[in-house]
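Enquirer: Encoded as structure tokens, here's the structure I'll be asking about.
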Amino acid sequence: MIVTLTPNPAVDVTYTVPQLVHGQVHRVQQLVESAGGKGVNVARVLASLGRPVCAAGFLGGAAGETLEDLLAPTAVDQAWTLVSGQTRRTVTVVDAKDATVFNERGPQVTSRDWGRLTASVLARLAAGDVLVVSGSTPPGTAPDDLAGLVRSAVEQGVAVVADTSGPGLLEVAGAGPACLKPNEEELLAATGATGVLSGARALLARGAEAVLVSRGVDGVLLVTADNHWQARPAEALTGNPTGAGDAAVAALAAALADGARAGDLSTHLGEVVALSGAAVLMPTAGEVDLEAYARMLPMIRTDQIDAAS
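Residues 16 to 324 in my numbering are what the sequence shown lists, from first letter to last.
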């Protein structure tokens, strides 16, 4: 079983207008609502690959009910922890030139809420299962709330892959996850390092078994205590990059579910890069072009780099 934890999920609302003009009334040409949040996107990708997956996190209010309804037609199981506040919405206004995004903060939560969420998530996991932790945390979250959940999962024999940022990335690293997946900017900002390798090694020193750094068009870099590897896309892709990182996490979760650990993940970097590319080709995060994935997969080359470099 793979459980994806999205502490602060959202209902993604996209308005399409001919032209966005500040201070003016606009007629919306198209309205699209979807279940959002990084872990939700990961769950949808995993479900499209035929993997059993359950989405968990905090949910509240009418927006929470809407998110649950939007996700219901998919093959994703749902195990939300209800809170008194309102699930947030992200509103994107798209015109012919650009996109303007408004992100709400999310519901206020308490340590008691985190205790209920932790108990719910752990009850669905057994040794050998995989927990994906993706995205930001809602207001009211204490520094050790997320790390404590990860630590308990690791002690239970669960392989954890985490995609978060800021101080939370450092806290989760200390809880002993199987893999962390920051992008290059998040890695350098959290660790204060001046280079990708030194930043990744700082996270390993805190307790992570492996660090996979996503680098956009340059592909990914996997760093373990003994070696590091890189894999790049075999072709230039244009499209929507917002779901690429979530697809990469889905590929990592699938590899961990199949028993890969640390350096063994290097044999799955082709899947990581190809699935990420297949997400770029789709208009909505959480979706992948499976035909493109199958086409690109044999074209991805993984190179081991001298550990001393």
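Just so you know, even glycine gets a beta-carbon here, dropped at the ideal spot from N, CA and C. Source: prediction; values computed, not measured.
Give the straight-line distance between the Cα atoms of leucine 227 and threonine 107, rounded to the nearest whole angstrom.
Expert: Taking the straight line joining both Cα atoms gives about 29 Å.
Enquirer: Spell out a yes or no on whether the segment 294-302 and the segment 52-64 are touching, meaning 3 or more CB-CB pairs, one atom from each, closer than 8 Å.
Expert: Touching, yes.
Enquirer: Cα separation between tyrosine 308 and alanine 162?
Expert: Each residue's Cα considered, the two are about 33 Å apart.
Enquirer: How many Å lie between leucine 184 and methionine 311 at the Cα?
Expert: Computed Cα separation, rounded: 31 Å.
Enquirer: So what does glutamine 245 bridge to, in DSSP terms?
Expert: Glutamine 245 pairs with Leu236 and Asp318.
Enquirer: Cα separation between tryptophan 244 and alanine 262?
Expert: Their backbone Cα atoms lie some 19 Å apart in a straight line.
Enquirer: So, is alanine 251 buried or exposed, given that buried needs 16 or more other C-beta atoms within 10 angstroms?
Expert: Alanine 251 should be labelled exposed.
Enquirer: Of the residues Leu64, Ala225, Ser167 and Gly254, which one's Cα is nearest the Cα of threonine 239?
Expert: For the residues Leu64, Ala225, Ser167 and Gly254, the minimum Cα distance to threonine 239 belongs to Ala225.
Enquirer: Between Val26, Val47 and Ala90, which lies nearest to glycine 65 when the distance is taken from Cα to Cα?
Expert: Nearest C-alpha to glycine 65: Ala90.
Enquirer: Just to confirm the assignment, what range does the alpha helix (DSSP H) spanning arginine 221 have?
Expert: First-last of the alpha helix (DSSP H) with arginine 221: 211-221.
Enquirer: Nearest to proline 153 by alpha carbon, out of Gly231, Ala177, Leu74 and Ala111?
Expert: Ranking Gly231, Ala177, Leu74 and Ala111 by Cα distance to proline 153 puts Leu74 first.
Enquirer: Can you give the Cα-Cα distance for glycine 155 and aspartate 128, rounded to whole angstroms?
Expert: Looking at the two C-alpha atoms, the distance is approximately 10 Å.
Enquirer: When you compare the CB positions of threonine 206 and alanine 217, do they come within less than 8 Å of one another, or not?
Expert: The answer is yes: Cβ separation under 8 Å.
Enquirer: Under 8 Å, do valine 68 and aspartate 84 count as touching if we go by C-beta distance?
Expert: No, Cβ-Cβ distance for valine 68 and aspartate 84 is not below 8 Å.
Enquirer: Whose CA, out of Val288, Arg166 and Ala174, lies closest to the CA of methionine 314?
Expert: Ranking the options by Cα distance to methionine 314, first place goes to Val288.
Enquirer: Judging by CA-CA distance, which residue of Gly181, Tyr30, Ala62 and Leu20 is the nearest neighbour of serine 135?
Expert: The residue with the shortest Cα to Cα distance from serine 135 is Leu20.
Enquirer: What are the boundary residues of the alpha helix (DSSP H) that includes asparagine 23?
Expert: Here asparagine 23 belongs to no alpha helix (DSSP H), and DSSP marks it neither H nor E.
Enquirer: Is leucine 64 close to chain B? Criterion is C-beta to C-beta, closer than 8 Å.
Expert: No chain B appears in this structure, which consists of one protein chain only.
Enquirer: Tell me whether the segment 130-144 and the segment 99-114 touch, counting them as touching only if at least three CB pairs, one residue from each stretch, are closer than 8 Å.
Expert: The segment 130-144 vs the segment 99-114: no contact.
Enquirer: Looking only at its own chain, which residues have a Cβ that is under 7 Å from the Cβ of alanine 266, when we skip the five neighbours before and after it?
Expert: Excluding residues within five positions, the ones whose Cβ falls inside 7 Å are His283, Glu286, Val287 and Leu290.
Enquirer: Can you name, in chain order, every residue of its own chain whose Cβ lies under 8 Å from the Cβ of tryptophan 95, other than the five neighbours on each side?
Expert: Counting only Cβ-Cβ distances below 8 Å, and skipping sequence neighbours, we find Ala70, Ala71, Gly72, Phe73, Leu74, Gly79 and Glu83.
Enquirer: Out of curiosity, what's the CA-to-CA distance linking alanine 111 and alanine 25?
Expert: Those two C-alpha atoms are separated by around 25 Å.
Enquirer: Starting from serine 149, trace the beta strand (DSSP E) both ways and give me its first and last residue.
Expert: Run containing serine 149: 145-149, per the beta strand (DSSP E) assignment.
Enquirer: Where are the alpha helix (DSSP H) runs, 4 residues long or more, that stay fully inside the segment 266-313, in chain order?
Expert: You should have 284-295 and 305-311.
Enquirer: Measuring straight from C-alpha to C-alpha, what distance separates asparagine 118 and threonine 105?
Expert: The straight-line gap from Cα to Cα measures roughly 5 Å.
Enquirer: Helix or strand or just coil, what does DSSP make of alanine 111?
Expert: It is coil, neither helix nor strand.
Enquirer: Where does the unbroken beta strand (DSSP E) through threonine 96 begin, and where does it stop?
Expert: Start and end: 92-97.
Enquirer: I'd like to know whether the C-beta atoms of valine 169 and valine 145 end up nearer to each other than 8 Å.
Expert: No; because the gap between Cβ atoms is not below 8 Å, this pair is not in contact.
Enquirer: Check for me: the beta strand (DSSP E) holding valine 176 runs from which residue to which?
Expert: Start and end: 174-178.
Enquirer: Report the option in Asp233, Leu86 and Val18 whose CA atom is closest to the CA atom of serine 49.
Expert: Measuring from the Cα of serine 49, the nearest candidate turns out to be Leu86.
Enquirer: Report the residue from Glu201, Val47 and Val32 whose alpha carbon sits nearest the alpha carbon of valine 40.
Expert: If we check each option's Cα against that of valine 40, Val32 comes out closest.
Enquirer: Could you give the DSSP three-state label for arginine 104: helix, strand or coil?
Expert: In this structure, arginine 104 counts as strand in the three-state DSSP scheme.
Enquirer: Give the C-beta separation of alanine 193 and valine 175 to the nearest angstrom, bearing in mind that I take them to be a contact with Cβ-Cβ under 8 Å.
Expert: About 6 Å; that satisfies the 8 Å criterion.
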